[in-house]
Structure formats: structure tokens, C-alpha cells
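Take a look at the structure below.
Numbering (our numbering), first residue to last: 8 to 266.
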């Protein structure tokens with residue numbers, strides 16, 4: 008049995024809750040929102056963990072992460088025991104994750120990248136981490152959903168600019184995996200200020216008023232750790248995403264898109 012967006016509710020203005028039961032709660036994390044407090048962003052005052060806790064009225068436990076600039080499905084458990092079960096499910100690759108992204112260039116119709124990723128420490132968060140870790144296995148699958156060629160010379164090498172709307176399905180969960188894999192394939196994600204192309208990022212800001220990274224965690228599918236039924240959680244797209252889809256005539260490419 009599939010449960011899609013069961014018990015969806017809007018508990019608070021600050022956060023969009025897309026699923027809640029007595030064991031779990033999932034939100035649609037907005038781009039730019041940190042999952043939890045971090046020494047790297049001492050001045051930040053809004054965090055997904057605290058906002059979710061305040062919205063549901065109980066402590067919540069994160070079971071996975073989304074990068075700050077990434078939006079989409081973020082799952083929490085309401086107890087440490089359920090959190091352990093879900094964390095194990097992620098570790099054992101029993102959770103299917105689907106992302107949407109806009110990348111530079113024309114991506115092939117479908118494919119996979121198996122490219123190990125080295126450990127990239129944060130200056131503060133990983134201050135005491137082992138910096139000699141070997142590169143970790145990292146596998147990502149993709150499907151190209153739509154393409155467009157625009158009459159703008161963003162790069163000096165070309166008179167036009169090409170972009171692809173793709174679905175990304177990570178098999179592993181390494182730090183910045185999707186962003187680093189797309190960079191490795193020379194198809195960086197638009198709006199990625201760490202692993203992307205500044206020229207195309209600036210073009211999207213000026214031409215489409217798009218100030219965010221175009222990477223969205225669209226869905227999570229897994230077995231409910233208590234009930235045992237198949238659970239599919241999906242998160243809608245924000246205004247900036249919709250602006251791009253409409254400008255490029257890509258809306259139909261994502262309508263009804265399911266696992």
C-alpha cells in the first residue's frame with residue numbers, strides 16, 4: 008500500500024508540513040534553511056529542526072540531511088528509537104530518493120555515474136575529523152526530463168546556452184554528492200555557488216530572478232518503521248522553481264511525476 012502525503016497539514020506559518028503521524032513528521036524544507044544549528048552560521052536564527060519541533064509540539068530527531076541551498080522532503084522521527092530505525096534504512100539503501108535539478112548543457116536521456124568522492128571537511132564542523140579518510144563509493148543515476156536551448160551567449164564559446172531538467176536518484180548519500188557528481192560530468196547544477204558555473208548562475212539571477220540553487224528533493228519512498236506499509240512523501244516546488252519551469256515550458260515535464 009502506498010500512502011502519499013498522508014495527514015498533510017500546515018501547523019505553522021514558518022514551515023510546511025507534508026506528512027505527520029505519531030511516529031514521523033516530514034517537511035518541505037525551503038531553500039536556504041539550515042537543518043540545525045551550526046557553528047558555521049552563528050548569526051542564523053531559523054532552523055528546520057527547531058521550527059518543526061515548535062510546529063508539532065514535541066522533540067524531533069533528524070534522520071538524514073539536506074544541504075542548506077537544497078529544498079524538499081526532510082524527514083524527522085519523533086523518538087530516538089524510530090530515528091535509529093530510519094537511519095539504518097538510509098544506511099542500508101532502503102530509502103529511494105528522487106531529486107529534480109536544472110543543469111548546464113544537454114544531459115543524455117539516462118545514465119549513471121559511479122565516481123568515488125573524497126572527504127571534504129568543513130573548517131569548523133570537521134575540525135577534529137580524520138582527514139585521511141579514503142574516497143568513498145558514490146553512485147548516482149539520472150533521467151533527462153526536458154531540454155532547452157536559449158538565444159543567449161552566456162559563455163564566450165557559444166552563441167546559445169543549453170540546459171536540461173533532470174531527475175537524480177542517488178544510490179549512496181555522500182556529502183554534496185549530487186552537486187559534485189554533476190560538476191564531474193561537466194553539467195553543474197544551476198545556482199550552485201560551490202560546485203557550479205558562476206556565469207550561468209549570474210545569468211539566471213539577472214534574466215529570471217532566480218537566486219537559489221535549482222536542486223529539489225522531490226520525494227522519499229520507504230517502508231514505515233512501525234506500521235510497515237510503503238510510504239511515499241512528495242514535496243512541491245517553490246515560486247522560483249515554477250518561474251523557471253513556466254519560462255522554459257517544462258511544467259508538463261514534472262506534472263504527475265511519480266516514483
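Using N, Cα and C, we set each Cβ at its ideal position, and we do this for glycine too.
Keep in mind that this is a model prediction, so the values were computed, not measured.
Within the same chain, show all residues whose beta-carbon is closer than 8 Å to that of residue i, passing over the 5 residues directly before and after it, in chain order.
i: residue 208; result: 197, 198, 199, 200
i: residue 217; result: 197, 198, 211, 247, 250, 251
i: residue 87; result: 68
i: residue 240; result: 11, 12, 25, 26, 33, 80, 82, 226, 227, 228
i: residue 121; result: 144, 145, 146
Take residue i and list the residues in its own chain whose beta-carbon comes closer than 7 Å to its own, dropping the five residues that flank it on each side.
i: residue 105; result: 174, 176, 225, 226, 266
i: residue 195; result: 110, 111, 189, 202, 203, 204
i: residue 135; result: Any reading at residue 135 must be qualified, since the residue scores a pLDDT of 47, below 50, and its modelled position is unreliable; the value itself is stated next. Closer than 7 Å at Cβ, skipping near neighbours: no residue.
If you measure between the beta carbons of residue i and residue j, is that distance less than 8 Å?
i: residue 183; j: residue 202; result: yes
i: residue 42; j: residue 58; result: no
i: residue 81; j: residue 34; result: yes
i: residue 72; j: residue 124; result: no
i: residue 220; j: residue 110; result: no
i: residue 179; j: residue 144; result: yes
i: residue 78; j: residue 108; result: no
i: residue 30; j: residue 70; result: no
i: residue 101; j: residue 32; result: no
i: residue 148; j: residue 119; result: yes
i: residue 67; j: residue 75; result: no
How would you label residue i, buried or exposed, when you count the other beta carbons within 10 angstroms and need 16 or more for buried?
i: residue 210; result: buried
i: residue 214; result: exposed
i: residue 131; result: Caution applies to residue 131, whose pLDDT of 42 falls short of 50 and renders its modelled position unreliable; the value that the coordinates give is listed next. So residue 131 counts as exposed.
i: residue 275; result: Past the edges of the chain, shown from 8 to 266, lies residue 275, and the structure says nothing about it.
i: residue 158; result: exposed
i: residue 115; result: exposed
i: residue 186; result: buried
Short of 6 Å in beta carbon distance, which residues of its chain neighbour residue i, apart from the five on each side in sequence? Order them along the chain.
i: residue 155; result: 170, 255
i: residue 253; result: none
i: residue 103; result: 228
i: residue 1; result: Missing from the structure shown is residue 1; the chain here goes from 8 to 266 and no further.
i: residue 161; result: 168, 206, 207, 210
* Asked: Do the region 90-97 and the region 169-179 touch if we need at least three Cβ pairs shorter than 8 Å?
  -> no
* Asked: Considering only residues of the region 28-79, which uninterrupted alpha helix (DSSP H) runs meet the minimum length of 4 residues and lie entirely inside it, listed in chain order?
  -> 55-63
* Let me know the beta strand (DSSP E) ranges lying completely inside the region 79-159, each 3 residues or longer, listed in chain order. => 103-111, 117-121, 146-157
* Entirely within the region 169-241 and at least 3 residues each: give me those beta strand (DSSP E) ranges in chain order. => 222-230, 237-241
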